[in-house]
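Q:
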Amino acid sequence: MPRIEKLTTSAAADGVPLLQSISIAVEPGEVHGVIGPSGSGKTLLARALSGLVTLAAGGLTSSDERAVRVAVVPADGPPCALNVRELATLTGGQQEALPVPLRRMSLALLQRGVRQRAMANLLASSSPGLLVVDDPEFASVEEVRAWRETLSVSEVRAVPVLLLSRSEVPLAALCSTMHVLFDGRVIASGRTSALVPGAEVLARKRYA
Amino acid sequence: MTAELFTVAGCAALLGLGLAWPRGFKAFAREGAWWFAAVLVAGGVVVSEEAVWVACVGVAGLWLFRKASLLRASVAALLVLLSGGVHSERGGVVAAGLALAAAGVVFLGRAHPPARNLEAARWLIQCGVAPATALAFLAARERRWPFLALTFLAALALMLVLARGNQSLELQARVALVLLCLRWLSQQRALDADAEEVSAMSFRPLPPPSASAGPLTFDERPPDGSEHLFRE
Chain A
1 MPRIEKLTTS AAADGVPLLQ SISIAVEPGE VHGVIGPSGS GKTLLARALS
51 GLVTLAAGGL TSSDERAVRV AVVPADGPPC ALNVRELATL TGGQQEALPV
101 PLRRMSLALL QRGVRQRAMA NLLASSSPGL LVVDDPEFAS VEEVRAWRET
151 LSVSEVRAVP VLLLSRSEVP LAALCSTMHV LFDGRVIASG RTSALVPGAE
201 VLARKRYA
Chain B
209 MTAELFTVAG CAALLGLGLA WPRGFKAFAR EGAWWFAAVL VAGGVVVSEE
259 AVWVACVGVA GLWLFRKASL LRASVAALLV LLSGGVHSER GGVVAAGLAL
309 AAAGVVFLGR AHPPARNLEA ARWLIQCGVA PATALAFLAA RERRWPFLAL
359 TFLAALALML VLARGNQSLE LQARVALVLL CLRWLSQQRA LDADAEEVSA
409 MSFRPLPPPS ASAGPLTFDE RPPDGSEHLF RE
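Chains as they are written, first to last, in the working numbering: chain A, 1 to 208; chain B, 209 to 440.
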């Protein structure tokens, strides 16, 4: 089980770290949501987990104390030009799970939600210790349903997943546990039904 | 003529704003700009041939500004070439050359900020790709840049020939040529530096928390002293 423990980034210009003492533990097969307004540190958390940001303290470990590899689906596509087939070949992902016309397409040309789900699918099949999706596309009811399908694919189900978003209702439809991020701190954590009961009721109605 | 153009542009901007702004800045950038461009060209057709040409240059610039790529640069150059042909045959060719050269400078400038390439390597390594494979993949991606740069240089040379006799255009072409050469040289230097750094990379997991931190329970009070708002 990967555990993010007291993750703190190095101090910003004003001397205060942007992320402070973030602690989240996700079991394999669980989907956790991190909800927070713009500027709360969601993308920074994704970058910190993928090793792109220097940490001042804390980190990531598994219950058996082994190193955890974190695969991140960035909000705006991969940081280099890639098509689906290339990503599958590089990561050992199962491109067979994706529709044939999709496989030769550049990831940059795909619609945002389709791209993120294809990447989540491929990266999950490379068996990372934790799969993080930064700002998943929740623009429509269909998008949220498509996410639900993606998260139920066996490869994705086998890994712990962390979704980072501003939208609580779609997150409530997808996540068993939620963490509220505000000003770089987790200010509340708990089961979705306890933390955002209203959002869960809405989600059940809207995405049934 | 200028006043008419401003009127058309103003109407287009208002329409773009009115249709897309209420849905946020991203929606405006994505859709409003297209409404603006469409109305600008349509308005240009009504006003005069010259206005069409100006509008097409604007649309090509807008398209390139949103995302520079070789395909876009080529299509933009073709658009300007065709619309320039309406206005003046030679002027159109020269304008197309300029558009292509500008696109080339923008394209090469954006294509490879060194930090981005290193970030890509780190991301690939975190995704489970072996460092050597990530390096080989990124290097293969970069090998095409010299060919692209040569294409743009050829386009510039053609433009220089066509712009003979027009001092202003010749000057612009020379400046673009120097910029492109400088950009190309710095690109090569950055690529060499990147290759060294990526070679030295390996999968570096985040460090485990220090032993002194002690075991963490999720009932712990947040570091700011506030209570958890919700509990199961």
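Cβ atoms here follow ideal geometry from the backbone N, Cα and C, with glycine treated the same way.
1) Could you tell me which residues DSSP puts in a beta bridge with arginine 191 of chain A?
2) Which runs of the alpha helix (DSSP H) at least 4 residues long sit entirely within the stretch 70-142 of chain A? Give them in chain order.
3) Just the C-alpha distance for phenylalanine 138 of chain A and alanine 199 of chain A, rounded to the nearest angstrom, thanks.
4) Could you say which of A:Ser193, A:Leu202, A:Ala208, A:Met178 lies nearest to valine 31 of chain A if we only look at CA atoms?
5) Look at the alpha carbon of arginine 231 of chain B and the alpha carbon of valine 156 of chain A, and state the distance between them as a whole number of angstroms.
6) Would you say proline 136 of chain A and glutamine 116 of chain A are within 8 Å of each other, going by their C-beta atoms?
7) May I ask you to report which of helix, strand or coil DSSP gives alanine 56 of chain A?
8) Excluding the 5 residues preceding and the 5 following alanine 88 of chain A in the sequence, name in chain order all residues of the same chain whose CB lies nearer than 6 Å to its CB.
9) In this structure, how does DSSP classify serine 154 of chain A when only helix, strand and coil are distinguished?
10) Just tell me which of A:Ser152, A:Ser62, A:Val26, A:Thr9 has its CA closest to the CA of arginine 47 of chain A.
11) Just verifying my parser: in three-state terms, what is the DSSP assignment at glycine 51 of chain A?
12) Thinking just about the alpha-carbon of each residue, which of A:Arg104, A:Cys80, A:Thr91, A:Leu164 is nearest to the one in serine 127 of chain A?
13) Which same chain residues end up closer than 6 Å to leucine 202 of chain A when comparing Cβ atoms and leaving out the 5 residues on each side of it in sequence?
14) Please name the residue in A:Val73, A:Glu5, A:Ala56 whose C-alpha comes closest to that of leucine 162 of chain A.
15) Whose C-beta lies closer than 8 Å to the C-beta of alanine 158 of chain A among residues of the same chain, with five residues either side of it excluded?
16) Let me make sure I understand the geometry here. Which of A:Gly93, A:Leu49, A:Gln111 has the alpha-carbon closest to that of valine 70 of chain A?
17) Taking the alpha carbon of alanine 194 of chain A as the reference point, which residue from A:Tyr207, A:Val180, A:Gly129 has its own alpha carbon closest?
18) Output the distance between the C-alpha atoms of glutamine 20 of chain A and glycine 184 of chain A, rounded to the nearest integer angstrom.
19) Are serine 23 of chain A and valine 186 of chain A close, meaning C-beta to C-beta below 8 Å?
20) Counting only C-beta atoms, is alanine 328 of chain B closer than 8 Å to chain A at any point?
21) Which two residues bound the contiguous alpha helix (DSSP H) that contains glutamate 200 of chain A?
22) If distances are taken between C-alpha atoms only, which option among A:Met119, A:Glu142, A:Arg3, A:Pro101 comes closest to alanine 208 of chain A?
23) What's the gap between the Cα of alanine 173 of chain A and the Cα of alanine 118 of chain A?
24) Quick check: what's the CA-CA separation for leucine 332 of chain B versus lysine 205 of chain A?
25) In angstroms with no decimal places, state the Cα-to-Cα distance between glutamate 327 of chain B and glycine 77 of chain A.
26) From the beta carbon of leucine 343 of chain B, is the nearest beta carbon of chain A less than 8 Å away?
27) State the beta-bridge partners of arginine 3 of chain A as determined by DSSP.
28) Proline 128 of chain A versus chain B: which residues are under 9 Å apart at the beta carbon?
29) Listing by chain order, which chain B residues have their CB less than 7 Å from the CB of proline 79 of chain A?
30) May I ask you to report which of helix, strand or coil DSSP gives arginine 185 of chain A?
31) Which whole-angstrom value describes the C-beta separation of valine 68 of chain A and leucine 130 of chain A, a residue pair presumed to lie in contact below a C-beta threshold of 8 Å?
32) Closest Cβ-Cβ distance between arginine 145 of chain A and chain B: below 8 Å?
33) For arginine 330 of chain B, count neighbouring C-beta atoms within 10 Å of its own C-beta (all shown protein chains included) and say buried if the count is 16 or more, exposed if not.
34) Examine chain B for any beta-carbon lying closer than 8 Å to the beta-carbon of alanine 71 of chain A, and answer yes or no.
35) Identify every residue that forms a DSSP beta bridge with isoleucine 35 of chain A.
36) What's the C-alpha gap between serine 106 of chain A and leucine 346 of chain B?
A: In brief:
1) For this step, residue 191 of chain A is matched to residue 191 along the first sequence. Per DSSP, A:Thr177.
2) 84-91, 100-103, 112-124
3) Taking the first sequence and counting its residues from 1, one reaches residue 138 of chain A at position 138. Taking the first sequence and counting its residues from 1, one reaches residue 199 of chain A at position 199. Distance between the alpha carbons of phenylalanine 138 of chain A and alanine 199 of chain A: 14 Å.
4) Within the first sequence, numbered from 1, the residue matching residue 31 of chain A stands at position 31. Closest by alpha carbon: A:Met178.
5) Sequence index remark: in the second sequence, residue 231 of chain B carries index 23 (1-based). Sequence index remark: in the first sequence, residue 156 of chain A carries index 156 (1-based). With a pLDDT of only 48 at arginine 231 of chain B, under 50, the local geometry of the prediction cannot be trusted, and the value read off the model is given with reservation. Rounded to the nearest angstrom, the two C-alpha atoms are 33 Å apart.
6) Taking the first sequence and counting its residues from 1, one reaches residue 136 of chain A at position 136. Taking the first sequence and counting its residues from 1, one reaches residue 116 of chain A at position 116. Cβ atoms of proline 136 of chain A and glutamine 116 of chain A: closer than 8 Å.
7) Position 56 of the first sequence, counted from the start, is the residue given in the question as residue 56 of chain A. Strand.
8) Numbered from its first residue, the first sequence carries residue 88 of chain A at position 88. The residues are Gln95, Leu122.
9) As a working note, residue 154 of chain A is residue 154 in the first sequence. Of the three classes helix, strand and coil, the one that applies to serine 154 of chain A here is helix, per DSSP.
10) To locate residue 47 of chain A, count along the first sequence from 1; it is residue 47. For the residues A:Ser152, A:Ser62, A:Val26, A:Thr9, the minimum Cα distance to arginine 47 of chain A belongs to A:Thr9.
11) Sequence index remark: in the first sequence, residue 51 of chain A carries index 51 (1-based). Correct three-state label for glycine 51 of chain A: coil.
12) Counting from 1 along the first sequence, the entry for residue 127 of chain A is found at position 127. When each option's Cα is compared against that of serine 127 of chain A, the closest is A:Thr91.
13) Walking along the first sequence from the start, residue 202 of chain A turns up at place 202. Cβ neighbours of leucine 202 of chain A beyond the five flanking positions: Val169.
14) Position 162 of the first sequence holds residue 162 of chain A. Selected option, being the one with the closest Cα: A:Val73.
15) Position 158 of the first sequence, counting from 1, holds the residue named residue 158 of chain A. Excluding sequence neighbours, alanine 158 of chain A sits near Pro28, Gly29, Ala124, Ser127.
16) Position 70 of the first sequence, counting from 1, holds the residue named residue 70 of chain A. Nearest of A:Gly93, A:Leu49, A:Gln111 to valine 70 of chain A, Cα basis: A:Leu49.
17) Start at 1 with the first residue of the first sequence, and residue 194 of chain A comes out as number 194. Cα-wise, what sits closest to alanine 194 of chain A is A:Val180.
18) Position 20 of the first sequence, counted from the first residue, corresponds to residue 20 of chain A. Position 184 of the first sequence, counted from the first residue, corresponds to residue 184 of chain A. Whole-angstrom Cα-Cα distance: 6 Å.
19) Walking along the first sequence from the start, residue 23 of chain A turns up at place 23. Walking along the first sequence from the start, residue 186 of chain A turns up at place 186. Yes. Within cutoff.
20) Counted from its first residue, the second sequence places residue 328 of chain B at position 120. Taking Cβ atoms only, chain A reaches closer than 8 Å to alanine 328 of chain B, which makes this a yes.
21) Working through the first sequence from its first residue, we reach residue 200 of chain A at position 200. Taken as a continuous stretch (DSSP letters only), the alpha helix (DSSP H) holding glutamate 200 of chain A covers 197-206.
22) Counting from one through the first sequence, the residue named residue 208 of chain A turns up at place 208. Considering only alpha carbons, the answer is A:Glu142.
23) Position 173 of the first sequence, counted from the start, is the residue given in the question as residue 173 of chain A. Position 118 of the first sequence, counted from the start, is the residue given in the question as residue 118 of chain A. So the two alpha carbons sit approximately 20 Å from each other.
24) Residue mapping note: residue 332 of chain B aligns to position 124 of the second sequence, counting from 1. Residue mapping note: residue 205 of chain A aligns to position 205 of the first sequence, counting from 1. Each residue's alpha carbon lies about 39 Å from the other.
25) Walking along the second sequence from the start, residue 327 of chain B turns up at place 119. Walking along the first sequence from the start, residue 77 of chain A turns up at place 77. Rounded to whole angstroms, glutamate 327 of chain B to glycine 77 of chain A spans 13 Å at the Cα level.
26) Start at 1 with the first residue of the second sequence, and residue 343 of chain B comes out as number 135. Taking Cβ atoms only, chain A never reaches closer than 8 Å to leucine 343 of chain B, which makes this a no.
27) If you number the first sequence from 1, residue 3 of chain A lands on position 3. Beta-bridge pairing links arginine 3 of chain A to A:Ala25, A:Thr61.
28) Taking the first residue of the first sequence as 1, we reach residue 128 of chain A at position 128. Going along chain B in sequence order, the residues near proline 128 of chain A (Cβ under 9 Å) are Gln334, Cys335, Gly336.
29) In the first sequence, residue 79 of chain A corresponds to position 79, counting from 1. Going along chain B in sequence order, the residues near proline 79 of chain A (Cβ under 7 Å) are Arg324, Glu327, Ala328, Trp331.
30) Counting from 1 along the first sequence, the entry for residue 185 of chain A is found at position 185. In the structure shown, arginine 185 of chain A sits in a strand (DSSP, three-state: E or B).
31) Residue 68 of chain A sits at position 68 when you count from the first residue of the first sequence. Residue 130 of chain A sits at position 130 when you count from the first residue of the first sequence. That belief holds up - the Cβ atoms of valine 68 of chain A and leucine 130 of chain A are roughly 6 Å apart, short of 8 Å.
32) Mapped onto the first sequence, residue 145 of chain A falls at position 145. No, its Cβ sits nowhere closer than 8 Å to a Cβ of chain B.
33) Looking up residue 330 of chain B in the second sequence gives position 122. Classification of arginine 330 of chain B: buried, given that the 10 Å Cβ count is 16 or more.
34) Mapped onto the first sequence, residue 71 of chain A falls at position 71. Closer than 8 Å to some Cβ of chain B, the Cβ of alanine 71 of chain A qualifies, so yes.
35) Locating residue 35 of chain A in the first sequence gives position 35, counting from the first residue. Answer by DSSP bridge pairing, in chain order: A:Ser165, A:Val180.
36) In the first sequence, counting from the first residue as 1, residue 106 of chain A sits at position 106. In the second sequence, counting from the first residue as 1, residue 346 of chain B sits at position 138. Spanning the two alpha carbons is a distance of roughly 15 Å.
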